[in-house]
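Mapping of the sequence shown onto the numbering used here: position 253 corresponds to residue 253, and the numbering continues sequentially without gaps. Beta carbons are placed, not taken as given, at the ideal position from N, Cα and C, and that holds for glycine. Given the structure is predicted, the values throughout are model-derived calculations rather than measurements. Input: a single structure, listed below in structure tokens.
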Amino acid sequence: MVAVILSFLTIRGVSSSFVFTLMLVPLLGGLIKSKNEWTLVIKHILLHTPCYGMVIYLSSMVLSIFIPIMGRTSTNPELLVAIMVNFSTYIIVLSLLPLVTTTVNKRAQADTTMSEFFEMVGSILFTAAAVLALMHLLYRSPYNYTDEYPVPRRVQIFHANRAFHTKDQSVKSRDSALFVIAQDYRGAEDIPFVDGNYSKLECAYDNPYCEIPLYFPTRNRIQERHIRYKTVGDALTLPETKVTMIRKSEERKKLFYDFNIKGSNQISVFLVPQSGWRLTNCSLSAPRKELDDRPLFIFLTCSGEKCGEYRFSLTLAHPGDPIADDDSQLLFGIASHYLYGDHMQSHTIRHLLAEINLKRQNDPAWAIAASAWNVDMIYQYF
Numbered sequence: 001m002v003a004v005i006l007s008f009l010t011i012r013g014v015s016s017s018f019v020f021t022l023m024l025v026p027l028l029g030g031l032i033k034s035k036n037e038w039t040l041v042i043k044h045i046l047l048h049t050p051c052y053g054m055v056i057y058l059s060s061m062v063l064s065i066f067i068p069i070m071g072r073t074s075t076n077p078e079l080l081v082a083i084m085v086n087f088s089t090y091i092i093v094l095s096l097l098p099l100v101t102t103t104v105n106k107r108a109q110a111d112t113t114m115s116e117f118f119e120m121v122g123s124i125l126f127t128a129a130a131v132l133a134l135m136h137l138l139y140r141s142p143y144n145y146t147d148e149y150p151v152p153r154r155v156q157i158f159h160a161n162r163a164f165h166t167k168d169q170s171v172k173s174r175d176s177a178l179f180v181i182a183q184d185y186r187g188a189e190d191i192p193f194v195d196g197n198y199s200k201l202e203c204a205y206d207n208p209y210c211e212i213p214l215y216f217p218t219r220n221r222i223q224e225r226h227i228r229y230k231t232v233g234d235a236l237t238l239p240e241t242k243v244t245m246i247r248k249s250e251e252r253k254k255l256f257y258d259f260n261i262k263g264s265n266q267i268s269v270f271l272v273p274q275s276g277w278r279l280t281n282c283s284l285s286a287p288r289k290e291l292d293d294r295p296l297f298i299f300l301t302c303s304g305e306k307c308g309e310y311r312f313s314l315t316l317a318h319p320g321d322p323i324a325d326d327d328s329q330l331l332f333g334i335a336s337h338y339l340y341g342d343h344m345q346s347h348t349i350r351h352l353l354a355e356i357n358l359k360r361q362n363d364p365a366w367a368i369a370a371s372a373w374n375v376d377m378i379y380q381y382f
């Protein structure tokens with residue numbers, strides 16, 4: 001019967017079908033007679049060891065697959081990880097419970113004392129502690145890094161030139177900043193190189209995107225603990241990123257814009273209506289069915305020569321009475337991302353990546369896989 005089952009599993013492509021045979025080893029216990037309760041205990045443990053090893057192995061495999069993924073949500077994954085870590089312990093301890101009744105039946109009445117009972121319970125607890133200790137030795141940290149089998153945490157690093165303008169089109173501030181975004185629940189302060197020089201995010205405008213150089217519209221997933229930044233002196237020399245307003249007209253509580261933008265091959269555009277205006281239509285996206293105050297995120301990408309320049313139109317509407325003499329109804333942000341080529345990484349980024357690559361081989365805290373590139377970002381009112 002076993003041969004038939006193994007043959008079927010092999011035909012179906014299950015290369016590890018030998019595992020099924022290991023699961024049958026405990027059945028040999030019925031062929032071995034036990035002279036006393038200790039013989040029964042030793043026989044049970046020895047014959048079930050392949051099963052215990054398989055349970056621990058499967059638990060470690062599940063953890064190795066899902067631990068790098070579990071922290072990517074806004075909810076705390078530690079409870080789920082703890083349940084998975086303790087799964088093998090539950091299984092092994094439950095498999096030892098039949099020994100309680102079996103050994104009691106084989107003992108003389110004089111041997112069933114309270115001390116014997118506590119010794120038995122203590123042995124079960126010791127087994128549970130041993131399994132937990134083994135799992136701890138296998139996974140001292142949720143992250144580790146080897147070239148053959150990396151299990152790192154994901155981090156995004158942006159080195160951004162930032163230019164913020166006021167409503168009268170003058171430059172409010174211009175600097176160069178390094179953004180570090182943690183892609184797991186543990187947050188940015190758990191990253192070893194994020195020290196006291198890094199600050200919490202401070203928004204320069206009334207802007208839900210908070211001037212983060214986002215590549216994709218994932219602002220709702222990036223909470224305060226996920227991101228830190230600091231200004232750096234290593235200013236970037238990048239091709240010009242430019243926003244040109246070709247036309248702006250008003251008609252019956254509606255504003256009509258035509259824009260021309262110029263940047264890299266990957267551009268993120270942030271459109272944030274101001275002063276009660278609502279975005280109703282954009283030539284680069286589907287028309288909105290409802291009038292609300294949501295901003296608009298647009299991602300533009302192209303490949304080839306002489307790309308990175310776009311022209312589009314935009315329509316705003318006001319549900320009430322617009323403020324007179326207000327000439328800044330739209331906050332326009334643009335971020336040019338350099339994911340490849342000569343402008344991809346600054347000296348600051350390259351130095352940081354070299355430090356990560358050196359230290360992650362021996363220190364689990366530095367087990368980091370970083371996506372890092374330069375960004376040129378501008379915010380203006382129109």
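Taking the C-alpha atoms as reference points, what is the distance between residue i and residue j?
i      : j      : result
Pro239 : Pro77  : 42 angstroms
Leu63  : Val55  : 12 angstroms
Ala128 : Leu358 : 38 angstroms
His159 : Tyr57  : 42 angstroms
Asn207 : Leu96  : 60 angstroms
Pro213 : Leu331 : 15 angstroms
Ser88  : His48  : 13 angstroms
Thr92  : Gly53  : Note that residue 92 is Ile in the sequence shown here, rather than Thr. Going by the C-alpha atoms only, they are around 10 angstroms apart.
Glu211 : Glu224 : 13 angstroms
Cβ of residue i within 8 angstroms of Cβ of residue j?
i      : j      : result
Ile181 : Leu201 : no
Tyr338 : Trp373 : yes
Val131 : Ser176 : no
Leu314 : Tyr257 : yes
Ile380 : His165 : Inspection of the sequence shows that residue 380 is occupied by Gln rather than by Ile. Yes. Within cutoff.
Leu300 : Ile267 : yes
Pro50  : Ile368 : no
Tyr310 : Ile261 : yes
Ser328 : Lys167 : yes
Tyr209 : Gly333 : yes
Lys230 : Tyr198 : yes
Thinking just about the alpha-carbon of each residue, which of the options is nearest to the one in residue i?
i      : options                        : result
His318 : Leu291, Thr218, Ser173         : Leu291
Phe259 : Lys230, Ile92, Val269          : Val269
Phe216 : Ile298, Tyr90, Pro322          : Ile298
Met245 : Leu353, Gln169, Thr49          : Gln169
Leu94  : Ile124, Gly341, Phe158         : Ile124
Met61  : Asn362, Ile191, Phe332, Tyr149 : Tyr149
Lys253 : Val85, Cys51, Leu279, Ser371   : Leu279
Ala354 : Tyr340, Tyr90, Phe193          : Phe193
His351 : Cys282, Tyr90, Asp234, Asn197  : Asp234
Val272 : Lys230, Leu316, Asp190         : Leu316
Gly276 : Arg288, Pro287, Arg294         : Arg294
Ala133 : Asn86, Glu119, Lys289          : Asn86
Gly308 : Glu250, Asp321, Val243         : Val243
Arg247 : His44, Lys43, Phe66, Phe382    : Phe382
Gln274 : Pro287, Leu255, Arg288         : Leu255
So is the beta-carbon of residue i under 7 angstroms away from any non-hydrogen atom of the ligand ATP?
i      : result
Phe332 : With respect to the ligand ATP, the structure offers nothing, as it holds no ligand at all.
Which whole-angstrom value is the C-beta distance of residue i and residue j, which I expect to be below 8 angstroms?
i      : j      : result
Ser336 : Ser264 : 4 angstroms
Ser371 : Gln156 : 5 angstroms
Pro364 : Tyr143 : 6 angstroms
Thr241 : Asp376 : 4 angstroms
Ala82  : Ile378 : Ala82 to Ile378, Cβ: 46 angstroms. No contact.
For this session: Kindly provide the ranges of any beta strand (DSSP E) runs that are 3 or more residues long and lie completely inside the stretch 326-354, ordered along the chain.
Result: Listed in chain order, they are 330-338.
Exercise. At which residue ranges does the stretch 296-322 contain complete beta strand (DSSP E) runs of 3 or more residues, listed in the order of the chain?
Worked result: Correct list: 296-301, 309-317.
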